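What follows is a set of notes on a single structure, which appears directly below.
In the working numbering, the protein residues as written are 40 to 341.
What follows is the structure in C-alpha cells.
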C-alpha cells in the first residue's frame, strides 16, 4: 500500500474527534468475540481478519490501518500467527498505544499455558508455528483465562471502567464454566478417537477433549503436502483402527482432504471457519457448539 494512502487515512483519523468509549482491535474473529464479551457496552471491538480466511495469511487493507490508528488496545494471538501481515499494519498505524511492548499491545498466547513449544522447525523451513502452537482459543478453558486477563489489561488502561470489564469477564467465565461441563459430557463418548486435521490447528481442542491427533495432511504447518506425503499418509491411516476423522477448515484444500479420507477408508468433516463464518453462529460459544456438533456427526456417520 502506497505511503500516500497511509498519510491520507491517518489525517482522516486525526481529524475525527476521539470517542469516549474504549476501542479494541482484535486480529482474528475468535479473539474479537472474546473481547466483545469483556468490553460489553463500554466500547467497541473491531476485528481485522475475515472469518472465512486463513488467519496466517490475512490480506492487509487500508481500513485495518485506520482501525489500528484509533485503537486503545490490540488483542492478537502472537507466536507468529499474524507475522505475515499484522506487524506492518501496526507500524503503519503510527499509534503508540499499540506498538510492541506498549500497555495496549496484548498477546493472547502469553496469558495461557502453551503446547508444542521448543521445536526445531522455523520459518526458514516454511513452518508457520516456529515459536509454538498459537491456536489457543479452541480450548475454552484457555479462552476463559484470556477473557479474565484481557479484563485486567483493559482495567489498567481505562480505570474508570475497570469494574465493568471485570464484571463482564466474570460473567463470561461463568458461562464458559457451564458450557465446558456440558461440552465435556457431550464429547465424553468420543474420548480417545483419532483425528487428522489438515493444518495443526486443533492441538488445544484435542488436548482438552482427550482426542488423538495421529497425523496432519500438511507435512509441516503451512507447507502444502506433496503426492508422496499424501500416499504415505493414506497408507498409514488405513492401518489406524477405528478409522480416524479427517477434518479441515474451509480455507484449506477441501478436495485433497476429502480424497485422503476416501482412500484411507475414513470420514471427512468440513469444520467451520472462525467465529461468524456460519450464519447464526456469531459468538464464541455458538461457534464452539457448531464445531463440536460437526465432529460428533462425523463420528456418527451423519
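Ideal Cβ placement from N, Cα and C applies to all residues, glycine included.
Computed from a predicted model, the values in this text were never measured in an experiment.
C-beta contact flag for residue i and residue j at 8 Å
i: residue 279; j: residue 242; result: no
i: residue 218; j: residue 151; result: no
i: residue 90; j: residue 66; result: no
i: residue 261; j: residue 72; result: no
i: residue 136; j: residue 110; result: yes
i: residue 114; j: residue 177; result: no
i: residue 64; j: residue 85; result: yes
i: residue 205; j: residue 190; result: yes
i: residue 289; j: residue 309; result: yes
i: residue 112; j: residue 183; result: no
Exposed unless 16 or more other CB atoms sit within 10 angstroms - verdict on residue i
i: residue 76; result: buried
i: residue 159; result: With a pLDDT of only 49 at residue 159, under 50, the local geometry of the prediction cannot be trusted, and no value is derived from it.
i: residue 80; result: exposed
i: residue 140; result: exposed
i: residue 94; result: buried
i: residue 340; result: exposed
i: residue 216; result: exposed
i: residue 156; result: exposed
i: residue 188; result: buried
i: residue 164; result: Model confidence at residue 164 stands at a pLDDT of 46, short of 50, so the residue's coordinates are unreliable; what they give is reported in the following sentence. By the 10 Å Cβ count, residue 164 comes out exposed.
i: residue 69; result: buried
i: residue 131; result: buried
i: residue 149; result: exposed
i: residue 97; result: buried
i: residue 221; result: exposed
i: residue 58; result: Any reading at residue 58 is ruled out, since the residue's pLDDT is 43, under 50, leaving its predicted position unreliable.
Alpha-carbon spacing of residue i relative to residue j, whole angstroms
i: residue 146; j: residue 232; result: 32 Å
i: residue 332; j: residue 102; result: 35 Å
i: residue 338; j: residue 128; result: 42 Å
i: residue 153; j: residue 172; result: 7 Å
i: residue 212; j: residue 186; result: 7 Å
i: residue 225; j: residue 327; result: 13 Å
i: residue 230; j: residue 246; result: 10 Å
i: residue 174; j: residue 199; result: 32 Å
i: residue 208; j: residue 195; result: 14 Å
i: residue 307; j: residue 273; result: 13 Å
i: residue 161; j: residue 256; result: Because residue 161 carries a pLDDT of 49, less than 50, the predicted location of this residue cannot be relied on, and no value is offered for it.
i: residue 277; j: residue 303; result: 5 Å
i: residue 100; j: residue 259; result: 28 Å
i: residue 92; j: residue 126; result: 18 Å
i: residue 281; j: residue 223; result: 21 Å
i: residue 143; j: residue 319; result: 31 Å
i: residue 53; j: residue 201; result: Residue confidence is low: residue 53 scores 45 on pLDDT, short of 50, so the model does not pin down where it sits. Its coordinate-derived value is still stated next. Using only the alpha carbons, I get a separation of about 27 Å.
i: residue 179; j: residue 249; result: 14 Å
i: residue 74; j: residue 265; result: 39 Å
i: residue 138; j: residue 227; result: 43 Å
i: residue 335; j: residue 329; result: 10 Å
i: residue 197; j: residue 181; result: 24 Å
i: residue 263; j: residue 291; result: 10 Å
i: residue 299; j: residue 251; result: 18 Å
i: residue 214; j: residue 203; result: 17 Å
i: residue 123; j: residue 105; result: 19 Å
i: residue 301; j: residue 170; result: 34 Å
i: residue 305; j: residue 78; result: 43 Å
i: residue 82; j: residue 107; result: 15 Å
> Using 8 Å as the threshold, is the segment 255 to 271 in touch with the segment 289 to 305, meaning 3 or more CB pairs across them?
Replying inline: yes
>> With a threshold of 8 Å, are at least 3 pairs of Cβ atoms found where one atom belongs to the segment 234 to 249 and the other to the segment 284 to 291?
In response: yes
>> With three or more beta-carbon pairs closer than 8 Å as the criterion, would you say the segment 110 to 126 touches the segment 302 to 319?
In response: no
> Can you list, in chain order, the stretches of the alpha helix (DSSP H) that have 4 or more residues and sit fully within the segment 70 to 156?
Replying inline: 101 to 109 and 125 to 132
>> Quick check for students: name the residue ranges of the beta strand (DSSP E) that lie wholly in the segment 221 to 273, counting only runs of 3 or more.
In response: Taking 3 residues as the minimum length, the beta strand (DSSP E) runs contained wholly in the segment 221 to 273 are 233 to 236, in order along the chain.
>> What ranges does the alpha helix (DSSP H) occupy inside the segment 168 to 198, keeping only unbroken runs of at least 4 residues that lie completely in it?
In response: 179 to 196
>> So within the segment 278 to 307, which uninterrupted alpha helix (DSSP H) runs reach at least 4 residues, ignoring any that extend past its ends?
In response: Secondary structure in the segment 278 to 307: the alpha helix (DSSP H) runs of 4 residues or longer, each lying completely within the stretch, are 293 to 303 in chain order.
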